[in-house]
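Trainee: Sequence lines, in order, name chains A and B.
Residue numbering for the first sequence follows the numbering used here, starting at 330 and increasing by one per position.
Residue numbering for the second sequence follows the numbering used here, starting at 330 and increasing by one per position.
Number of protein chains: 2
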Amino acid sequence: MIRLLLADDQALVRGALAALLDLETDLEVVAQVGRGDEVLDAARQSGAEVCLLDIEMPGLTGLEVAERLRAELPAVRSLIVTTFGRPGYVRRALDAGAAGFVVKDTPARELADAVRRVHAGLRVVDPTLAAESLMAGPSPLTAREAEILRLALDGSPVATIARAAHLSQGTVRNHLSAAIGKTGAATRAEAARIAHARGWL
Amino acid sequence: MIRLLLADDQALVRGALAALLDLETDLEVVAQVGRGDEVLDAARQSGAEVCLLDIEMPGLTGLEVAERLRAELPAVRSLIVTTFGRPGYVRRALDAGAAGFVVKDTPARELADAVRRVHAGLRVVDPTLAAESLMAGPSPLTAREAEILRLALDGSPVATIARAAHLSQGTVRNHLSAAIGKTGAATRAEAARIAHARGWL
DNA sequence: ACCTGGCCATGACACCTGTCACGGCCCCGA
DNA sequence: TCGGGGCCGTGACAGGTGTCATGGCCAGGT
Numbered sequence: 330m331i332r333l334l335l336a337d338d339q340a341l342v343r344g345a346l347a348a349l350l351d352l353e354t355d356l357e358v359v360a361q362v363g364r365g366d367e368v369l370d371a372a373r374q375s376g377a378e379v380c381l382l383d384i385e386m387p388g389l390t391g392l393e394v395a396e397r398l399r400a401e402l403p404a405v406r407s408l409i410v411t412t413f414g415r416p417g418y419v420r421r422a423l424d425a426g427a428a429g430f431v432v433k434d435t436p437a438r439e440l441a442d443a444v445r446r447v448h449a450g451l452r453v454v455d456p457t458l459a460a461e462s463l464m465a466g467p468s469p470l471t472a473r474e475a476e477i478l479r480l481a482l483d484g485s486p487v488a489t490i491a492r493a494a495h496l497s498q499g500t501v502r503n504h505l506s507a508a509i510g511k512t513g514a515a516t517r518a519e520a521a522r523i524a525h526a527r528g529w530l
Numbered sequence: 330m331i332r333l334l335l336a337d338d339q340a341l342v343r344g345a346l347a348a349l350l351d352l353e354t355d356l357e358v359v360a361q362v363g364r365g366d367e368v369l370d371a372a373r374q375s376g377a378e379v380c381l382l383d384i385e386m387p388g389l390t391g392l393e394v395a396e397r398l399r400a401e402l403p404a405v406r407s408l409i410v411t412t413f414g415r416p417g418y419v420r421r422a423l424d425a426g427a428a429g430f431v432v433k434d435t436p437a438r439e440l441a442d443a444v445r446r447v448h449a450g451l452r453v454v455d456p457t458l459a460a461e462s463l464m465a466g467p468s469p470l471t472a473r474e475a476e477i478l479r480l481a482l483d484g485s486p487v488a489t490i491a492r493a494a495h496l497s498q499g500t501v502r503n504h505l506s507a508a509i510g511k512t513g514a515a516t517r518a519e520a521a522r523i524a525h526a527r528g529w530l
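What follows is the structure, given as structure tokens:
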């Protein structure tokens, strides 16, 4: 009996996944949480062996959770289950200590197998996704450029970004210009979209 | 036995919802599709009585599907099941003939009840969502303003938008200016975000 | 000691954007 | 018949944006 923990911010999806996995005779969902910062406590109390983690959750990112799980509960395996197959996410997930990476597009019947493989100590990564991840390569953005671009994601004007980052407007525009160049974009909005889609933010 | 059709672009979510609903003794999932434009055929062939529709799908929107179902298969009830509780979506869903509107945040146990209510001919709408929908009111945007704003969503420059819409740049800027004024935004990026969040696009 | 590269900043320039005033064309309701 | 309002366009202006050159500071590697 493999003991599972589910972390996803959408209650309906969480419950549905639980129903799906409980159909398997060798799997048992022992805990469900809707926030990233509730995973560690729940994992400790439930004695979960494998954690299915969504990436975009309130509190903590699934990637951050995977990192903390590795540090504090090294016996627990993390399996990232996310909507977005952004290339950069795969690399970051593996760096964070995740044992697997699955997108929500994959057929339902394959999920249970992924869980079993991860539990057995294997690494599970969507093959097409792994290829994309290698193709795209690592992020060319510096830390500051990524930070500025994150602030520019919603289309804020330079003045707002500068205040938020405690920088001068000129510096912000320089970072944005560099990011535009590195992403091959024409405007900062496009640069932000590209970097976001690649998982560089 | 209530016959259900599931439409959601994420295979994993689709399969998980099927597992969840099949647990109920009076419900039966008779068809699953991953695209909006496959729903009608599938509904006809499977003889589904209730269709669970995600809004954002390739091919056709869940809202558009609801409209066509009402026109061509009036006996079939539509239940919108979506991630985003945008106020404008609720109104548009009901106008399109949907019998219910549920967000993916709702507890899993309530979904089966929503299906039964819809099948019984009742309307099901998340109460807090209904309140928000009334609060926000209808879209103040004209058709063209909404179209231009849709094209501006990704941060394209005015020249690109103008080409895409077959308009002069001046006209595009006028429409954008009007939209910025009506949304109370400061930039077109913010206006696009606001309108999108309200379900006006 | 030297050079490279990230980071911060300034100033100047060309260009893009947001706003406003204005005019014209339609359709619809009073 | 006469507005009113949506729609399209022009022109002009102030301010925001993207680019470039330049300079200083600091950490790291040769």
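Built from N, CA and C at the ideal position, the CB exists for glycine as well.
Rounded C-beta distance between B/Ala-488 and A/Ala-348? I'm assuming under 8 Å.
Mentor: Position 159 of the second sequence holds residue 488 of chain B. Position 19 of the first sequence holds residue 348 of chain A. So it is not a contact: roughly 51 Å between Cβ atoms.
Trainee: Can you check whether the C-beta of B/Lys-433 is within less than 8 Å of a C-beta belonging to chain A?
Mentor: Your numbering for residue 433 of chain B matches position 104 in the second sequence. Interface residue, yes.
Trainee: Quick check for students: name the residue ranges of the beta strand (DSSP E) that lie wholly in the stretch 407-482 of chain B, counting only runs of 3 or more.
Mentor: If we require 3 residues or more, the beta strand (DSSP E) runs fully inside the stretch 407-482 of chain B come out as 429-432.
Trainee: Given A/Glu-393, which residues of its chain have a CB within under 7 Å of its CB, disregarding the five upstream and five downstream residues?
Mentor: Locating residue 393 of chain A in the first sequence gives position 64, counting from the first residue. These residues qualify, in order along the chain: Gly-365.
Trainee: Can you check whether the C-beta of B/Gly-365 is within less than 8 Å of a C-beta belonging to chain A?
Mentor: As a first step, residue 365 of chain B must be located in the second sequence, where it is residue number 36. Not one chain A Cβ lies under 8 Å of B/Gly-365.
Trainee: When Cβ atoms are compared, which residues of the stretch 336-367 of chain A fall closer than 9 Å to chain B?
Mentor: Result list: Asp-338, Gln-339, Ala-340, Leu-341, Val-342, Arg-343, Gly-344, Ala-345, Leu-346, Ala-347, Ala-348, Leu-349, Leu-350, Asp-351, Leu-352, Gly-363.
Trainee: How many Å lie between B/His-525 and B/Ala-428 at the Cα?
Mentor: The residue given as residue 525 of chain B occupies position 196 in the second sequence. The residue given as residue 428 of chain B occupies position 99 in the second sequence. One C-alpha to the other measures close to 23 Å.
Trainee: Just checking: is the beta-carbon of B/Asp-442 within a distance shorter than 8 Å of some beta-carbon in chain A?
Mentor: As a working note, residue 442 of chain B is residue 113 in the second sequence. Cβ-Cβ to chain A under 8 Å: no for B/Asp-442.
Trainee: Which stretch, first to last residue, makes up the beta strand (DSSP E) that contains B/Leu-389?
Mentor: Along the second sequence, one-based indexing puts residue 389 of chain B at 60. Segment: none, B/Leu-389 is in no beta strand (DSSP E) and carries neither H nor E.
Trainee: List the DSSP bridge partners of A/Ile-509.
Mentor: Here the question's residue 509 of chain A lines up with position 180 in the first sequence. For A/Ile-509, which the question treats as bridged, DSSP gives no partner whatsoever.
Trainee: DSSP puts A/Ile-331 in a beta bridge; with which residues?
Mentor: Start at 1 with the first residue of the first sequence, and residue 331 of chain A comes out as number 2. Bridge partners of A/Ile-331: A/Leu-356.
Trainee: If contact means a Cβ-Cβ distance below 8 Å, which residues of the stretch 499-525 of chain A contact chain B?
Mentor: Of all residues in the stretch 499-525 of chain A, Ala-515, Thr-516, Arg-517, Ala-518, Glu-519, Ala-521, Arg-522 have a Cβ within less than 8 Å of some Cβ in chain B.
Trainee: Answer yes or no: do B/Leu-508 and B/Glu-474 have a C-beta to C-beta separation smaller than 8 Å?
Mentor: Here residue 508 of chain B is taken as the residue at index 179 of the second sequence, counted from 1. Here residue 474 of chain B is taken as the residue at index 145 of the second sequence, counted from 1. According to the sequence displayed, residue 508 of chain B carries Ala and not Leu. Against a cut-off of 8 Å, the Cβ pair of B/Glu-474 and B/Ala-508 comes out as a contact.
Trainee: Should B/Asp-383 be flagged as near chain A, meaning a C-beta pair shorter than 8 Å?
Mentor: Mapped onto the second sequence, residue 383 of chain B falls at position 54. False, the Cβ-Cβ gap to chain A never drops below 8 Å.
Trainee: Excluding the 5 residues preceding and the 5 following B/His-504 in the sequence, name in chain order all residues of the same chain whose CB lies nearer than 7 Å to its CB.
Mentor: As a first step, residue 504 of chain B is located in the second sequence; it is residue number 175 there, counting from the start. Once the five neighbours on either side are set aside, the close Cβ partners of B/His-504 are Arg-473, Glu-474, Ile-477.
Trainee: Between A/Ala-449 and A/Glu-439, what straight-line distance do the alpha-carbon atoms span, to the nearest angstrom?
Mentor: As a first step, residue 449 of chain A is located in the first sequence; it is residue number 120 there, counting from the start. As a first step, residue 439 of chain A is located in the first sequence; it is residue number 110 there, counting from the start. So the alpha carbons of these two residues sit roughly 15 Å apart.
Trainee: Please report the straight-line C-alpha distance between B/Arg-399 and B/Thr-412, rounded to a whole angstrom.
Mentor: On the second sequence, residue 399 of chain B is found 70 positions in, with the first residue counted as 1. On the second sequence, residue 412 of chain B is found 83 positions in, with the first residue counted as 1. Straight-line Cα distance between these residues: approximately 23 Å.
Trainee: For B/Leu-350 versus B/Ala-441, is the C-beta distance shorter than 8 Å?
Mentor: Residue numbering aside, residue 350 of chain B sits at position 21 when the second sequence is read from its first letter. Residue numbering aside, residue 441 of chain B sits at position 112 when the second sequence is read from its first letter. Closer than 8 Å, so yes.
Trainee: List the residues of chain B whose Cβ lies closer than 8 Å to the Cβ of A/Pro-436, in chain order.
Mentor: Reading the first sequence from its first residue, position 107 is the one you call residue 436 of chain A. Within chain B, the residues near A/Pro-436 are Ala-340, Leu-341, Gly-344.
Trainee: Just the C-alpha distance for B/Gly-528 and B/Asp-383, rounded to the nearest angstrom, thanks.
Mentor: On the second sequence, residue 528 of chain B is found 199 positions in, with the first residue counted as 1. On the second sequence, residue 383 of chain B is found 54 positions in, with the first residue counted as 1. The straight-line gap from Cα to Cα measures roughly 15 Å.
Trainee: Could you give the DSSP three-state label for B/Gln-339: helix, strand or coil?
Mentor: For the purposes of this step, residue 339 of chain B is taken as residue 10 along the second sequence, with counting starting at 1. Coil.
Trainee: Using a Cβ-Cβ cut-off of 6 Å (strictly less than) and excluding sequence neighbours within five positions of B/Phe-430, which residues of its own chain qualify?
Mentor: In the second sequence, residue 430 of chain B corresponds to position 101, counting from 1. So the list reads Ile-409, Val-419, Ala-422, Val-454, once near-sequence residues are dropped.
Trainee: Please check the pair A/Leu-480 and A/Ala-493, which I expect to be a contact at CB under 8 Å, by giving their CB distance rounded to whole angstroms.
Mentor: Residue 480 of chain A sits at position 151 when you count from the first residue of the first sequence. Residue 493 of chain A sits at position 164 when you count from the first residue of the first sequence. The Cβ separation is near 5 Å, so the contact holds.
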